[in-house]
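To start, the structure under review is shown below, and the notes come after it.
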Ligand SMILES: [Zn+2]
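In my numbering, the protein residues as written are 372 to 545.
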């Protein structure tokens, strides 16, 4: 089991370190052949406070990392998930190791739509890799976010580690 101590000393704007923290969360997710192990962190930009963390399958059901963040925040603020936009601080950013999903084969609400539903409180989405096309082709989350006025930033440098962790439960084709 990986460490899950919340770093208290991450500098605001140190995107690389936040991404490394998100990656450490992803390693806690159970390896499965059918999904990616992803980690996500929600930060209040005014206070640099980590508001929520999440990883794939952290909560019951087929839950994604971003979804876990939002469900935990809804619980923290005692509102239904669809009213999270009303209670979040004015400027939050989301770090996620993998680009938010734009489609879910399970029929669950895609993470990009969960982000868009929160409205203009989420200013920027930082992703460590673009979504691989194994399960969902032509991911359009980046475009959808940008069209809604949400900045999408690729934080480069951890791609190999992120994909190794993401696909740890997948069959390797050798
Ligand atoms: Zn998702």
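By construction, the Cβ of each residue, glycine as well, lies at the ideal position given by its N, Cα and C atoms.
In three-state DSSP terms, what is residue i?
| i | result |
| --- | --- |
| residue 466 | strand |
| residue 529 | coil |
| residue 375 | Note on residue 375: pLDDT 48, under 50, position unreliable in the model; the coordinate value appears next. Coil, per DSSP. |
| residue 385 | coil |
| residue 476 | coil |
| residue 536 | helix |
| residue 452 | helix |
Do residue i and residue j have their C-beta atoms within less than 8 Å of each other?
| i | j | result |
| --- | --- | --- |
| residue 470 | residue 498 | yes |
| residue 422 | residue 410 | no |
| residue 465 | residue 455 | no |
| residue 500 | residue 468 | yes |
| residue 441 | residue 475 | no |
Between which two residues does the alpha helix (DSSP H) containing residue i stretch?
| i | result |
| --- | --- |
| residue 445 | 436 to 447 |
| residue 483 | 482 to 489 |
| residue 458 | 455 to 458 |
| residue 513 | 512 to 518 |
What are the start and end residues of the beta strand (DSSP E) that includes residue i?
| i | result |
| --- | --- |
| residue 420 | 420 to 426 |
| residue 413 | 410 to 415 |
Tell me, please, which residues DSSP counts as bridged to residue i.
| i | result |
| --- | --- |
| residue 392 | According to DSSP, which records beta bridges pairwise, residue 392 is partnered with nothing at all. |
| residue 493 | 463 |
| residue 498 | 467 and 525 |
**Prompt:** Okay, do the segment 511 to 519 and the segment 379 to 388 touch, 3+ Cβ pairs below 8 Å being the bar?
**Reply:** no
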